[in-house]
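Participant: Take a look at the following structure, please.
In the UniProt record's numbering, the protein residues as written are 1 to 253.
What follows is the structure in structure tokens.
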């Protein structure tokens, strides 16, 4: 979930985020990706999940037989990821600084790249991903775009409240149309040893124009760039998610 630390501390809410995480949601995402990505991969393919959070989707890739690696900048989220997907590899890193030789046959990222707040840094992220991929590798990611069909619901203000006997999770989102940024404030109360502990987190994500994303991908070298809504592939949510699919070209002759 979290890719880059844009002046926000994500670790305090990690345990509650893990408690909220629903394995069935990760399974639904994997079913969508079977159409968008997995059907194009060999069974020996190595998949990198950027912003893997608590690793539930990484585990879905693993049980389907793929080599799996997750990357996140939250150390505490990766602690839970190692529990949820014990046979996978995990990397603690900010993707803007991530360096790798060509290792991965496919890279996926869900609702993570919006935490990169300017186009130059987003292009750097695309370049890092490109460098880490084998030739002919697939790059699939979701990100909110300003010109999305579902933008009105995705960019409107919202409030979330989740109350259980063990935790309370509150999240508020406010969109700034001039900056194309959304402030996300999270507050959690977690029952620990009979005492309620409060933690807070604030971060920003940005909505880009799809043309900006397309141009950045092309500048890095990606080809066969397509833009979809995940509802077209069975996403049961009301609005779906903007999904980009592209490929690193094969340089062999």
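The beta carbon of each residue, even a glycine, is placed where N, CA and C say it ideally should be. All values reported here derive from a predicted model rather than from experimental measurement.
1. Just to confirm before moving on: does the CB-CB distance between residue 101 and residue 41 stay below 9 angstroms?
2. May I ask you to report which of helix, strand or coil DSSP gives residue 261?
3. From what residue to what residue does the beta strand (DSSP E) around residue 190 run?
4. Near residue 48, which residues of its chain fall below 6 angstroms by C-beta distance, leaving aside the five closest residues on each side in sequence?
5. So, does the stretch 52-66 touch the stretch 22-37, judging by three or more C-beta pairs under 8 angstroms?
6. If you check the beta carbons only, do residue 90 and residue 72 fall under 9 angstroms apart?
7. With the cut-off set at 9 angstroms, would you say residue 227 and residue 145 are in Cβ contact?
8. Would you call the CB atoms of residue 148 and residue 210 closer than 9 angstroms?
9. Residue ranges of each alpha helix (DSSP H) run of no fewer than 4 residues wholly in the stretch 160-245, ordered along the chain?
10. Going by DSSP, which residues form a beta bridge with residue 109?
11. State yes or no: is the C-beta of residue 19 within less than 9 angstroms of the C-beta of residue 208?
12. Please name the residue, chosen from 17, 39, 33, that lies closest to residue 231 on a Cα-to-Cα basis.
13. Along the chain, where does the alpha helix (DSSP H) containing residue 126 start, and where does it finish?
14. Should residue 161 be labelled buried (16 or more other beta-carbon atoms within 10 Å of its own) or exposed?
15. Among all the DSSP beta bridges, which residues are the ones paired with residue 104?
16. Could you pull out every residue in the same chain whose Cβ sits closer than 7 angstroms to the Cβ of residue 240, ignoring the five residues on either side in sequence?
17. Mind checking who residue 68 pairs with in its DSSP beta bridge?
18. For residue 64 versus residue 92, is the C-beta spacing smaller than 9 angstroms?
19. Where residue 180 and residue 156 are concerned, what is the direct C-alpha to C-alpha distance, given to the nearest angstrom?
20. DSSP three-state label for residue 76, please.
21. Over the uninterrupted alpha helix (DSSP H) stretch that includes residue 57, give me the two end residues.
22. Exposed or buried, residue 193, counting other C-beta atoms within 10 Å across all chains shown (16 or more means buried)?
23. Would you check if there are 3 or more beta carbon pairs closer than 8 angstroms linking the stretch 121-131 to the stretch 79-86?
24. Less than 6 angstroms between C-beta atoms, sequence neighbours within five positions excluded: which residues of the same chain meet that for residue 249?
Facilitator: Well, looking at it:
1. No; because the gap between Cβ atoms is not below 9 angstroms, this pair is not in contact.
2. Outside the modelled stretch of the chain, which goes from 1 to 253, sits residue 261, for which no answer is possible.
3. Looking at the DSSP string, the run of the beta strand (DSSP E) that includes residue 190 is 181-192.
4. Counting only Cβ-Cβ distances below 6 angstroms, and skipping sequence neighbours, we find 69, 104, 107.
5. Between the stretch 52-66 and the stretch 22-37, the count of C-beta pairs closer than 8 angstroms reaches three or more; the two stretches touch.
6. Yes; because the gap between Cβ atoms is below 9 angstroms, this pair is in contact.
7. Contact: yes.
8. Taking 9 angstroms as the Cβ cut-off, residue 148 and residue 210 qualify as a contacting pair.
9. Those alpha helix (DSSP H) runs which fall completely within the stretch 160-245 and span 4+ residues are 210-220.
10. According to DSSP, residue 109 shares a beta bridge with 50, 141.
11. At the C-beta level, residue 19 and residue 208 stay beyond 9 angstroms of one another.
12. Taking only the C-alpha atoms, the option nearest residue 231 is 33.
13. Where residue 126 is concerned, the enclosing alpha helix (DSSP H) stretches over 119-132.
14. If you draw a 10 Å sphere on the C-beta of residue 161, you find fewer than 16 other C-beta atoms in it, and that means exposed.
15. Note: residue 104 sits in a beta bridge opposite 133.
16. Correct list, in chain order: 150, 229, 230, 231.
17. In the DSSP output, where bridge partners are listed per residue, residue 68 has 47.
18. For the pair residue 64 and residue 92, the CB atoms are not nearer than the 9 angstroms cut-off.
19. Each residue's CA atom was taken as its position, placing residue 180 and residue 156 some 11 angstroms apart.
20. It is helical.
21. Note, residue 57: alpha helix (DSSP H), 56-63.
22. It counts as exposed.
23. In this structure the stretch 121-131 does not lie against the stretch 79-86, because fewer than three pairs of beta carbons, one per stretch, are closer than 8 angstroms.
24. Answer for residue 249: 223, listed in chain order.
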